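The structure under discussion appears below in the form of structure tokens.
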């Protein structure tokens, strides 16, 4: 038994290293105690515990009324399903990682049984939860010498300090950017047996094709043309997402106008915001006022933020997620989606079948609620890429699929899954098997066309001379810079010259000037075109591009950071190296010179450029056997 332990939450090394438990890094030797490492070692149990906690919270009763019932606006749909708490996205709710680490920390306390915890952290939420936990476990708590950092008065920090209801009002400014989308003429929607409906993102389009008036989405690849060849015209309702490839409303308007001029081949296209009206804004504002009132009436909800098998109080970490969805900007956005989808799906002609990019986000429940309310046909969710273990939004408590429960969650009639990995992940999480449709992976079809390079154990072009490394960046600038810093320091340890090329994430704008101390080129071509030119790939764990590299035959190293989940779709697979420091990075390159790559595309995806599985889905649509 340790007399006392120190929970170390800082980037710098502690001055003394005895009885240190690391909060934000993986252990570098066997003697170190790492909270992230313990979480990974016990991930199945702790992940399930958190998912159960969230559903239990939705069934808690305040003043004799369940939370889901409190948030029913009177149409049989509970606003609960749109909140960040229900959604469980680690990107919208980064505090989920803190919650899982705290559960892991509590288990370690019960195992190691220290008599004192010294907390070295400047995080006030962590102080509250750890102090309360120690009190319940009868462990002495001491706050370390760490103080809150000096406040940097940037516009963002000032905005974040505002009350959430003020942030909610200010968030309406984003509507001004998209307000001009209202001027786009609404299309003459296709209807009847020969049409299909898509709800998707206006993102990652082929820019050259779009300028020429041809719609080609890299999220859906050849599926729309495959449907057209089989006699199905398409209707498209888009979420607009701005990126370097689609930087402005004016370009979006221009492209959609061109698509709609050739709707027989390119489909009908419209934006969600095209249906925005002053009447809708008034309804949004009225319901937002109601949510503010409900937030006050439900203020005792904080007492329910305990997982049933643990003593730690999670409210200090999840308080923001609750409040921002009840009174802040997320509440405004959610209500806009609720009202807009209601207006759109009420006005369009009957759609026999619909597809949408499934990520299990809150807006999807508003879409599904309106789709079914207005009597449209079967609706099929299509996961875009891979199913990531720590993306908790991918997984629901099995009780969510019970339609007999009070105010159940709206769910699609089917999920179109793209391979064995996805199938096993959903079945293991309790998703009903009868609701799964097996289809080809659209995003990775190029792998079936180019052949399975990794079966050839791809040989390095220059084993003893220059090595070419492709860095596949993160969607955040912060983590991309961490990867570049790790690579820069690794170059000093390398015995072989290394040439660096960076392929940034579409959402992360970066150039050489952003990181001037490292020499690298930037490339933005599709990954399928550039893989054969490189000896290694160094990928962010949040990017599925690492999977492209692996299945394209390129030895892969994945960057991890103990300050966040391992978001890699390759987590848990044999032969994949995850590194967080320069030495491990160089060691991985040396090791992979010999071992190469051993994974096959068929281990992950169903691939066939003729899309026979998708054809079977079409045949079932025509014969009305989707029931």
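Numbering (this note's numbering), first residue to last: 25 to 651.
We put the CB at the ideal spot given by N, CA and C, even for glycine.
Remember, predicted model here, so these are calculated numbers, not experimental data.
Check	Outcome
DSSP-derived helix/strand/coil call for residue 234	helix
Proximity to residue 364 [Cα-Cα], best of 599, 73, 392	392
Start-to-end residues for the beta strand (DSSP E) that takes in residue 580	580-583
Straight-line Cα distance separating residue 439 from residue 459	6 angstroms
Where residue 293 falls: helix, strand or coil (DSSP)	strand
Identified DSSP bridge partners for residue 553	Partner(s): none; residue 553 has no beta bridge.
Of the listed residues 528, 553, 550, nearest to residue 544 (C-alpha basis)	528
Completely contained alpha helix (DSSP H) runs for the segment 374-402, where each covers 4 or more residues	386-397
For residue 166: DSSP bridge partner residues	142
Alpha-carbon spacing of residue 152 relative to residue 349, whole angstroms	22 angstroms
Straight-line Cα distance separating residue 646 from residue 81	42 angstroms
DSSP state of residue 62 mapped onto helix, strand, coil	helix
In DSSP terms, what residue 85 is bridged to	90
Inter-residue Cα distance where the pair is residue 146 and residue 113	25 angstroms
Exposed unless 16 or more other CB atoms sit within 10 angstroms - verdict on residue 519	exposed
Spatial distance of residue 295 from residue 88 (CA atoms)	42 angstroms
Any 3 or more C-beta pairs closer than 8 angstroms across the segment 393-406 and the segment 550-565	no
Nonlocal neighbours in the same chain, by C-beta distance under 6 angstroms from residue 120, ignoring five residues either side	114
Contact check, residue 267 vs residue 227, beta carbons under 8 angstroms	yes
Option nearest residue 533 by Cα separation, candidates 503, 509, 515	503
As assigned by DSSP and simplified to three states, the class of residue 449	helix
Segment limits, beta strand (DSSP E) that includes residue 224	219-226
Simplified DSSP assignment, three categories, for residue 480	Confidence in residue 480 is poor, its pLDDT being 39 and thus under 50, which makes the residue's placement unreliable; the coordinate value appears in the next sentence. DSSP places residue 480 in helix when its eight states are reduced to three.
6 angstroms Cβ shell around residue 525 - same chain, five flanking residues per side excluded	494, 545, 547
Straight-line Cα distance separating residue 464 from residue 575	16 angstroms
Proximity winner among 66, 225, 95, relative to residue 314 (alpha-carbon distances)	95
Given residue 362 as reference, the closest of 346, 312, 159 once Cα atoms are compared	312
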